[in-house]
Ligand SMILES: Cc1ncc(C[n+]2csc(CCOP(=O)(O)OP(=O)(O)O)c2C)c(N)n1
């Protein structure tokens, strides 16, 4: 498989998906997934990242464990996930039923110049997740699968990991709040938590 066969356009795909999120909390990986979520419509339920490559899944795992009454979904890139791939083992071990993970797999490091990523070759993230012990995985190749994907990510008992094979696209900048403390403050407030 190569990125040339990836057909899904990320911006309308994420907009369509997030319109179906209900009350789910969204943890966005750094770079493009953060811009995608913000472009679809800002919400205090979104925890944006401007750094911390490799930390989106561990962050989402912590939130899912701390907020068992809220669905938590991590939306991140293949490069970001692979940098902290061991976190999938902890997800499998802790097995929060309220956690979904979506990997937007364009088989490259889009944000930094489209360098080739491992998933353009032999690496299959859904298979890796299975190997770590995440039994519920799904791979999506078409925009039309968004309804099934939404059910999988937002309703199916987790942990559940989906890979969406997305196209490499040129999208306009859509940059949310940059101040990490302000982002965290707003997210905690949306959860009804006290800010220090
Ligand atoms: C520790 C660290 N290394 C490198 C970077 C630079 N960096 C930012 S985004 C990114 C690529 C992310 O690729 P991916 O998650 O696949 O997202 P895409 O933009 O392709 O959708 C890189 C290498 C960083 N922010 N932190």
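In my numbering, the protein residues as written are 5 to 200. The beta carbon of each residue, even a glycine, is placed where N, CA and C say it ideally should be. Computed from a predicted model, the values in this text were never measured in an experiment.
| query | result |
| --- | --- |
| Judging by CA-CA distance, which residue of 89, 145 and 196 is the nearest neighbour of residue 122? | 89 |
| Please classify residue 154: does DSSP put it in a helix, a strand, or coil? | helix |
| Bridge partners of residue 166, per DSSP? | 106 and 142 |
| According to DSSP, what are the bridge partners of residue 120? | 112 |
| Cutting at 6 Å between CB atoms, please list the residues of its own chain near residue 38, excluding the five before and the five after it. | 32, 52 and 53 |
| Is there contact here, the region 162-173 with the region 137-148, by at least three beta-carbon pairs under 8 Å? | yes |
| Using only alpha-carbon positions, find the residue among 35, 16, 156 and 133 that is nearest to residue 206. | What is shown of the chain runs 5 to 200, which leaves residue 206 out entirely. |
| Counting C-beta neighbours from all protein chains within 10 Å, is the total for residue 72 16 or more, i.e. buried, or is it exposed? | exposed |
| Hey, quick one: how far does the alpha helix (DSSP H) through residue 38 stretch, first residue to last? | 36-43 |
| Answer yes or no: do residue 153 and residue 21 have a C-beta to C-beta separation smaller than 8 Å? | yes |
| Please identify the residue among 49, 149 and 11 whose C-alpha is closest to the C-alpha of residue 197. | 49 |
| Could you please give the first and the last residue of the uninterrupted alpha helix (DSSP H) stretch that includes residue 76? | Premise fails: residue 76 lies in the beta strand (DSSP E), 76-81, not in any alpha helix (DSSP H). |
| Run the CB neighbour count on residue 173, radius 10 Å, all protein chains shown included, and call it buried at 16 or more, exposed below. | exposed |
| Is residue 46 close to chain B, meaning its C-beta is less than 8 Å from at least one C-beta of that chain? | In the structure shown, chain B cannot be found, because there is only a single protein chain. |
| How long is the line joining the alpha carbons of residue 114 and residue 81, rounded to whole angstroms? | 9 Å |
| Is it right to say residue 199 is buried, meaning 16 or more other beta carbons lie within 10 angstroms of its own, or is it exposed? | exposed |
| Taking 7 Å as the cut-off, is the C-beta of residue 2 nearer than that to any heavy atom in ligand 1? | Nothing can be reported for residue 2, as the shown portion of the chain is limited to 5 through 200. |
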